[in-house]
Amino acid sequence: MSGPDASESTDLLGIYLNDHYTGSTGGLELFRRAAKARPDAREAAVLEDLARQIEEDRDALAAIMKTLGIPLSSSKAALGWAAEKAGRLKPNGHLLSRSPLSDVLEAESMLLGVLGKAACWRTLRAVAESDERLSAETLDTLLERAEQQSATLEELRATTAARTLRPKAAGTR
Numbered sequence: 139m140s141g142p143d144a145s146e147s148t149d150l151l152g153i154y155l156n157d158h159y160t161g162s163t164g165g166l167e168l169f170r171r172a173a174k175a176r177p178d179a180r181e182a183a184v185l186e187d188l189a190r191q192i193e194e195d196r197d198a199l200a201a202i203m204k205t206l207g208i209p210l211s212s213s214k215a216a217l218g219w220a221a222e223k224a225g226r227l228k229p230n231g232h233l234l235s236r237s238p239l240s241d242v243l244e245a246e247s248m249l250l251g252v253l254g255k256a257a258c259w260r261t262l263r264a265v266a267e268s269d270e271r272l273s274a275e276t277l278d279t280l281l282e283r284a285e286q287q288s289a290t291l292e293e294l295r296a297t298t299a300a301r302t303l304r305p306k307a308a309g310t311r
């Protein structure tokens, strides 16, 4: 089985990168909202810093797309923004307020998003082996940062899940 021709490969890469850009747009909205909603100041600061990094990573993806001659799909980016908003509309046991589960589910969603971004950087790193327009060094740096973000989010996820889901001792609140 042979691979796609050059034109089809470029089209497929464009779709792939626009899909990741769409995801990063929704993810950025989630990071910003989660940072504002966290009652713990330290956790909110961590999420604010991660939101700044996520925005920088999204800008890096846009720059890579420009380098490759791949136009940004504004309709797909708008879809990512709208999907994040729609994701808030879920039955969570609290009709008009945030559920205690919101922090847990948001942490898991943010972690999954960053893992997807790391996979994108790995894919582009493989493409860079045969496309000199891509900087392997830049992609390695982006991948390293995504791995650091994943570690930070896993720590936040574990702490949040334990705080939210572990039973309280009798007589404590």
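Sequential numbering of the sequence shown, starting at 139, is according to the working numbering.
Where is the CB? At the ideal position from N, CA and C, for every residue including glycine.
In this text, all values refer to a predicted model and were calculated from it rather than measured experimentally.
Check	Outcome
Is the region 276 to 283 touching the region 239 to 252 in the sense that three or more CB pairs, one from each, lie closer than 8 Å?	no
With distances taken Cα to Cα, identify the nearest neighbour of residue 290 among 257, 210, 187 and 270.	187
How about residue 189 and residue 176: do their beta carbons lie closer than 9 Å?	no
Could you check what DSSP says for residue 207 in three-state terms: helix, strand or coil?	coil
So, is residue 287 buried or exposed, given that buried needs 16 or more other C-beta atoms within 10 angstroms?	buried
Less than 8 Å between C-beta atoms, sequence neighbours within five positions excluded: which residues of the same chain meet that for residue 293?	none
Which residues mark the beginning and the end of the alpha helix (DSSP H) in which residue 236 is found?	Neither: residue 236 is in no alpha helix (DSSP H) and is coded neither H nor E.
Closest by CA to residue 237, which one among 270, 299 and 165?	299
Thinking just about the alpha-carbon of each residue, which of 242, 193, 158 and 148 is nearest to the one in residue 167?	193
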